[in-house]
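Enquirer:
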Amino acid sequence: MDLGIRGKKAIVCASSKGLGRGCAMALAEAGCDVVVNGRNAELVAKTAAELRERYGVTVTEVVGDVSKPEVQKALLVACPEPDILVNNNGGPPLRDFRTLDREKILEGVTQNMVTPIELVQAVLDGMAARGFGRIVNITSLSVYVPIPGLDLSSGARAGLTSFLAGVARTVVDRNVTINSLLPGKLDTDRLRGPHEAGTVESPQAAAARKTRISADVPAKRLGTPEEFGQICAFLCSVHAGYLTGQNIPVDGGLYVSAF
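In my numbering, the protein residues as written are 1168 to 1426.
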């Protein structure tokens, strides 16, 4: 399918690896020029080089933590009139909520609620004035399904969801949509759990881990960043202009609900 977004400009936050990288790849495949971002300069450069080589699009690298105002500013300098914004950021680690102090709580809310809101504020009116905009927020299935230990991440992302639900309805008449993707169990570093940097699993260990983790997923497998990215790219396409304010689980059927 031609997504109709060739030549559009996209900012994809936290896109040097994992789900963000999958989204950047899919958008580049659709012909978008992409701003890639991440904290690790080497990984950012590697992803950017692959996008340029594989798809021949213009790729701009912005290194840094997207939660920092100076990094957000750098993203908007690199792409002052984005057509597409994919909000993504790492969440607080698994921990008992009793161990959270005010500083940690505020940091988590900044990462997963304040930062995407700030970026939406920065780009929304320009998108509306130009008559095209697609904003996709990568949140988590934990918005719907509580996960003990991820309370801070879940609460911040749920706050973002409610905050933008009303905003989405104010701009859809100008062909700007805001939707969220809620990843379940996808095959990223986050599901590997704690491990030494640079360590590589044996094929046998990886297969056993994936089988164990996906046992309760109806699809009986983990999702991939690549297929997640393709769903994101569709939401950013010209064909998705009548879809807004929605939260779409990408979870292999793990979230059980008829409605």
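Here a beta-carbon is modelled for each residue, glycine too, at the ideal position from N, C-alpha and C.
Between residue 1307 and residue 1223, what straight-line distance do the alpha-carbon atoms span, to the nearest angstrom?
Expert: The C-alpha of residue 1223 is placed about 31 Å away from the C-alpha of residue 1307.
Enquirer: Apart from the five residues just before and just after residue 1234, which ones in its own chain have a Cβ nearer than 7 Å to its Cβ?
Expert: 1256, 1277, 1278, 1282
Enquirer: Is the CB-CB distance between residue 1344 and residue 1302 below 8 Å?
Expert: yes
Enquirer: Tell me the DSSP bridge mates of residue 1415?
Expert: 1348
Enquirer: As a quick exercise: from 1206, 1209, 1293, 1325, pick the residue whose alpha carbon is nearest that of residue 1280.
Expert: Among 1206, 1209, 1293, 1325, the Cα nearest to that of residue 1280 belongs to 1325.
Enquirer: Which ranges does the alpha helix (DSSP H) cover as unbroken runs of at least 4 residues, wholly within the stretch 1169-1226, from first to last along the chain?
Expert: 1185-1196, 1208-1222
Enquirer: How many angstroms separate the CA atom of residue 1389 from the CA atom of residue 1321?
Expert: When rounded, the distance between both Cα atoms is 21 Å.
Enquirer: Quick one: Cα of residue 1381 to Cα of residue 1329, how far?
Expert: 29 Å
Enquirer: Below 8 Å, can you find three or more Cβ-Cβ pairs linking the stretch 1179-1191 to the stretch 1208-1227?
Expert: yes
Enquirer: Helix, strand or coil: how does DSSP classify residue 1394 here?
Expert: Note: residue 1394 maps to helix in three-state DSSP.
Enquirer: Note the first and the last residue of the continuous alpha helix (DSSP H) segment covering residue 1272.
Expert: In the DSSP annotation of this structure, the continuous segment of the alpha helix (DSSP H) that includes residue 1272 starts and ends at 1269-1276.
Enquirer: Among residues of its own chain, excluding the 5 on either side of residue 1416, which ones have a beta-carbon nearer than 6 Å to its beta-carbon?
Expert: 1308, 1349, 1422
Enquirer: Beta carbon of residue 1399, beta carbon of residue 1246: below 8 Å?
Expert: no
Enquirer: Between the C-alpha atoms of residue 1394 and residue 1402, what's the straight-line distance to the nearest angstrom?
Expert: 13 Å
Enquirer: Less than 8 Å separating the beta-carbons of residue 1261 and residue 1317?
Expert: yes
Enquirer: Please work out which residues of its chain come closer than 8 Å, Cβ to Cβ, to residue 1355, disregarding the five sequence neighbours upstream and downstream, and give them in chain order.
Expert: 1184, 1185, 1186, 1392
Enquirer: Where does residue 1285 fall in DSSP's three states?
Expert: Helix.
Enquirer: Go through its chain and collect everything with a Cβ distance to residue 1299's Cβ below 6 Å, but skip five positions before and after it.
Expert: 1250, 1342
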